[in-house]
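Novice:
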Amino acid sequence: MYGRFGYDYGYSDDSVTVGITPGKGFYCYSRTIAGGDSVQKRILSDAGRIIVNPVEPLNLPEEITNYLEIAFEPMIVEPFANKDVFLTFPVEIGIFVAAKKNIQVLDIFSLSPQKYSLYGPSSGGLITRWWHSEVFDAVPEVNHNILGIMQLTIENTTREWVELSRAVFEGYGMKIYYGGPVSMVARMKIMSPRLAETEFFDHSLVEGQKKALELYTARELHVVRRTCPMEWGMI
Amino acid sequence: MFNATEFLGSSIGSSGITWYDVLLLVAILALFTLIAQLITNRLRKSLEDKLPKNDLGILLKIIYFGIIGLGLVIGLPNIDLSGILLAGGIAGIVIGFASQSVVSNFISGLFLIVERPIKIGDNISVGDVIGSVEDIRILSTIVRTYDGIYVRLPNEQVFTSNITNYVANAARRFGYVVGIRYEDDADKAVSIIKKVIWEHPFALKNPGPSVFVDELGDNGVNIIIKIWAPSRVWWSVKTEMLWKIKVALEAEGIEIPFPQRTVWFPDGIRMQAGPSDEDSS
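Going down the list, the protein sequences come from chains G and C. Heads up, the first sequence stops at 231 in the working numbering, and the numbers go up one at a time, no gaps. Heads up, the second sequence stops at 319 in the working numbering, and the numbers go up one at a time, no gaps.
1) For the 8 Å Cβ check, are there 3 or more pairs between the region 90 to 109 of chain G and the region 178 to 197 of chain G?
2) Under 7 Å, Cβ to Cβ, is there at least one residue of chain C near G:Y168?
3) Note down, in chain order, every chain G residue with its Cβ under 7 Å from the Cβ of C:P239.
4) Could you work out which residue in C:Y184, C:I176, C:Y204, C:G104 is closest to C:L191 when comparing CA atoms only?
5) Can you give me the start and stop residues for the beta strand (DSSP E) that G:M146 sits inside?
6) Going along the region 118 to 147 of chain G in order, which residues come within less than 8 Å of chain C, judged by CB to CB distance?
7) Does the distance from the CB of G:L211 to the CB of G:R125 come in under 7 Å?
8) Taking its Cβ as the centre, do 16 or more other Cβ atoms sit within 10 Å of C:W302, making it buried, or is it exposed?
9) Taking the runs of the beta strand (DSSP E) that are 3 residues or longer, which of them lie wholly in the region 220 to 288 of chain C?
10) In terms of DSSP beta bridges, what is G:V101 paired with?
11) Keeping to the same chain, check which residues put their C-beta closer than 6 Å to that of G:T149; ignore five residues upstream and five downstream.
12) Verify the CB distance criterion: does G:I60 have a CB-CB separation below 7 Å to chain C?
13) In three-state DSSP terms, what is G:F85?
14) So, C:Y76 versus C:L85, is the Cβ gap smaller than 7 Å?
15) Since C:P304 meets chain G, which of its residues come closer than 7 Å, beta carbon to beta carbon?
16) Which of the three DSSP states, helix, strand or coil, is assigned to G:W127?
17) Near G:G121, which residues of its chain fall below 8 Å by C-beta distance, leaving aside the five closest residues on each side in sequence?
18) Just to confirm the assignment, what range does the beta strand (DSSP E) spanning C:T71 have?
19) With a threshold of 16 other CB atoms inside 10 Å of the CB of C:Q298, please say whether the residue is buried or exposed.
20) Tell me whether G:S118 sits in a helix, a strand or coil according to DSSP, three-state version.
21) Measuring straight from C-alpha to C-alpha, what distance separates G:R155 and G:E195?
22) So with CB distances below 9 Å, who are the chain G contacts of C:L242?
23) Would you check if the region 132 to 140 of chain G and the region 37 to 47 of chain G touch, i.e. whether three or more CB-CB distances between them fall below 8 Å?
24) Would you grab the beta carbon distance between C:N161 and C:Y204 for me? Rounded to a whole angstrom, and I think it's under 8 Å.
25) Which residues share a DSSP beta bridge with C:G95?
26) If you draw a straight line from the C-alpha of G:T153 to the C-alpha of C:W272, how long is it?
27) Counting only the same chain and skipping the five closest in sequence on each side, list residues whose C-beta sits under 6 Å from that of C:S49.
28) Quick one: Cα of G:P117 to Cα of C:E194, how far?
29) Could you say if the region 164 to 172 of chain G and the region 11 to 19 of chain G meet the contact criterion of at least three C-beta pairs nearer than 8 Å?
30) If you drop the 5 nearest sequence neighbours on each side, which residues of the same chain put their C-beta closer than 7 Å to that of G:R0?
31) Would you grab the beta carbon distance between C:V171 and C:I151 for me? Rounded to a whole angstrom, and I think it's under 8 Å.
32) Is there a C-beta anywhere in chain G that falls below 7 Å from the one on C:N161?
33) Return the first residue and the last residue of the alpha helix (DSSP H) that G:F22 is part of.
34) For the beta strand (DSSP E) containing G:N49, name the first residue and the last one.
35) Please list, in chain order, the chain G residues whose beta carbon lies closer than 9 Å to that of C:A289.
36) Is it buried or exposed, G:P53, if we count other Cβ atoms within 10 angstroms and call 16 or more buried?
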């Protein structure tokens, strides 16, 4: 499904049909999810490219937050540990149209269910896109149109055993790669039993992956390193 | 013959201010207003995707009035202020009394910007005005009611009133009471309602919803439903969920009870047929 195509792009499987058909003086983009919604848009353009890649899973059904929360079965981390685990995250697929050195979002859809949650108190807390993941010790086999894989390095900098069952990430700074699995590489640094920070690394999970276009960079002033503090605990 | 140079150099009254000073001040202010307009327009275009609307609005106002203030400072040194102060002493007192409410609104506006109990786009209630904040100006706050009506509230009124901000917190709770018949299975109804809530993306996972039997009412069993939703979308969630719950319950054979009353007659009921009933039989 993913890649860069001309205006003859088309993809279909059991769950989704996406494609562009030429019309009289314009192109027609259409997308239908089996048992779900459908979208049709007209593209008034002579020539251009269609870019299909996973985007930050924070846009559907509408964009209300910048934060992704991944919940998992509780883990106990030993003092000063530095361990890698693999989690899944929901994939949202962005369809972009590009021409004359400019890119426009055409459509965003997902085959994963959406659920939102509140991290922290209702006053001062964060609305998060909530996702529950199993914890894997190796890269799991998943449907790349539905699920992505996150390699999470858990770094316990404290002298204590720490229990955690969730991680919160900020959309600004997410680096998604595709081609093979849809992936992100992140770190969770535990500063105290109730405080941690998360950040993403700008590299692929496996060799040969391509970097996805990001939605959450153009909207934000440039900063060199972006971390997301988890101030309301990890359980 | 009219001599323009001589006129511009002539003093206005005994203040020592010449017409040239006034014209220069007006020209400088006009120029700086134009510059302020250009800069804020350019900044608005480049920052509108990068800053929250409220912060951008405040930043642009500070820049706009800052530039005009700079123009005022540059233009004023040519004017002898002592003359104005002397000449305008009595007028100043009169204007001071007259502008008391203006100053009060201005100061309240500054406090509103600093304390930030409301932001542009927030849904608020001030006194009997309920709506969305359109703008927070120096002297007044503009609210658009849910009927689309423009309401201008003086900042003093906003600042000294009880303000309810419906979206200040990230999430808020709303609720329903749903009645079912006595013969329906309440446990099943609760699990159906929880499933409907779970399937809605914006019915929050945490804090979780509360669904429980609250009352054995006159006509049926009342189930209380409390749902947390993001403040930005709570109204649309509220308007969607109730009908979905009703449809889901009815699909499983659980119905909303009608008001009913059972009346017992100790001697039974004796029916007396009327003439028309006899004719028809």
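Idealized CB from N, CA, C, for every residue including glycine.
Specialist: Concretely, from the data shown:
1) no
2) Taking the first sequence and counting its residues from 1, one reaches residue 168 of chain G at position 172. Chain C, which has no Cβ nearer than 7 Å to the Cβ of G:Y168, makes this no.
3) Here residue 239 of chain C is taken as the residue at index 201 of the second sequence, counted from 1. The answer, in chain order, is P57, Q110, K111, Y112.
4) By 1-based counting over the second sequence, the position of residue 191 of chain C is 153. Out of C:Y184, C:I176, C:Y204, C:G104, C:I176 has the C-alpha closest to the C-alpha of C:L191.
5) Reading the first sequence from its first residue, position 150 is the one you call residue 146 of chain G. Element bounds for G:M146: 143 to 152.
6) S118, S119, G120, G121, L122, I123, W126
7) On the first sequence, residue 211 of chain G is found 215 positions in, with the first residue counted as 1. On the first sequence, residue 125 of chain G is found 129 positions in, with the first residue counted as 1. Not closer than 7 Å, so no.
8) Counted from its first residue, the second sequence places residue 302 of chain C at position 264. With fewer than 16 Cβ atoms within 10 Å of its Cβ, C:W302 is classed as exposed.
9) 248 to 254, 259 to 268
10) Along the first sequence, read from residue 1 onward, the residue named residue 101 of chain G stands at position 105. DSSP lists G:F92 as partners of G:V101.
11) By one-based count along the first sequence, residue 149 of chain G stands at place 153. So the list reads D80, R183, once near-sequence residues are dropped.
12) For the purposes of this step, residue 60 of chain G is identified with residue 64 of the first sequence, where counting begins at 1. G:I60 counts as touching chain C.
13) Residue mapping note: residue 85 of chain G aligns to position 89 of the first sequence, counting from 1. Note: G:F85 maps to strand in three-state DSSP.
14) On the second sequence, residue 76 of chain C is found 38 positions in, with the first residue counted as 1. On the second sequence, residue 85 of chain C is found 47 positions in, with the first residue counted as 1. One point to set straight first is that residue 76 of chain C is Leu, not Tyr, in the sequence displayed. Cβ atoms of C:L76 and C:L85: not closer than 7 Å.
15) Looking up residue 304 of chain C in the second sequence gives position 266. Neighbours of C:P304 on chain G: none; closest Cβ ~56 Å, over 7 Å.
16) Position 131 of the first sequence holds residue 127 of chain G. Strand.
17) In the first sequence, the residue the question calls residue 121 of chain G occupies position 125. If we look at G:G121 and ignore the five residues flanking it on each side, its Cβ neighbours are L114, Y115, W228.
18) In the second sequence, residue 71 of chain C corresponds to position 33, counting from 1. Note, C:T71: premise wrong, no beta strand (DSSP E); alpha helix (DSSP H) at 57 to 85.
19) Here residue 298 of chain C is taken as the residue at index 260 of the second sequence, counted from 1. With fewer than 16 other Cβ atoms within 10 Å, it is exposed.
20) Within the first sequence, residue 118 of chain G is the residue found at index 122, counting from 1. Note: G:S118 maps to coil in three-state DSSP.
21) Looking up residue 155 of chain G in the first sequence gives position 159. Looking up residue 195 of chain G in the first sequence gives position 199. In a straight line, the C-alpha of G:R155 is about 22 Å away from that of G:E195.
22) Within the second sequence, the letter at position 204 stands for residue 242 of chain C. Here the neighbours are K111, Y112, S113, L114, I123, W126.
23) no
24) Counting from 1 along the second sequence, the entry for residue 161 of chain C is found at position 123. Counting from 1 along the second sequence, the entry for residue 204 of chain C is found at position 166. Their Cβ separation, rounded to whole angstroms, is 4 Å, which keeps C:N161 and C:Y204 in contact under 8 Å.
25) Residue numbering aside, residue 95 of chain C sits at position 57 when the second sequence is read from its first letter. In DSSP, C:G95 forms no bridge with anything.
26) Position 157 of the first sequence, counted from the first residue, corresponds to residue 153 of chain G. Position 234 of the second sequence, counted from the first residue, corresponds to residue 272 of chain C. If I take the Cα positions, the gap works out to 39 Å.
27) Translated into positions along the second sequence, residue 49 of chain C becomes position 11. Taken in chain order, the residues that qualify are T56.
28) In the first sequence, residue 117 of chain G corresponds to position 121, counting from 1. In the second sequence, residue 194 of chain C corresponds to position 156, counting from 1. The straight-line gap from Cα to Cα measures roughly 32 Å.
29) no
30) Along the first sequence, read from residue 1 onward, the residue named residue 0 of chain G stands at position 4. For G:R0, where only same-chain residues beyond five positions count, the Cβ hits under 7 Å are R45, I47.
31) Start at 1 with the first residue of the second sequence, and residue 171 of chain C comes out as number 133. Start at 1 with the first residue of the second sequence, and residue 151 of chain C comes out as number 113. Not a contact, Cβ separation roughly 12 Å.
32) Taking the second sequence and counting its residues from 1, the one referred to as residue 161 of chain C is at position 123. Judged by the 7 Å Cβ criterion, C:N161 is not in contact with chain G.
33) Counting from one through the first sequence, the residue named residue 22 of chain G turns up at place 26. Here G:F22 belongs to no alpha helix (DSSP H), and DSSP marks it neither H nor E.
34) Position 53 of the first sequence, counted from the start, is the residue given in the question as residue 49 of chain G. G:N49 -> beta strand (DSSP E) spans 45 to 51.
35) One-based indexing of the second sequence puts residue 289 of chain C at position 251. Under the 9 Å cutoff, chain G gives no residues; its nearest Cβ is about 17 Å from C:A289.
36) The residue you call residue 53 of chain G lines up with position 57 of the first sequence. G:P53 comes out buried.
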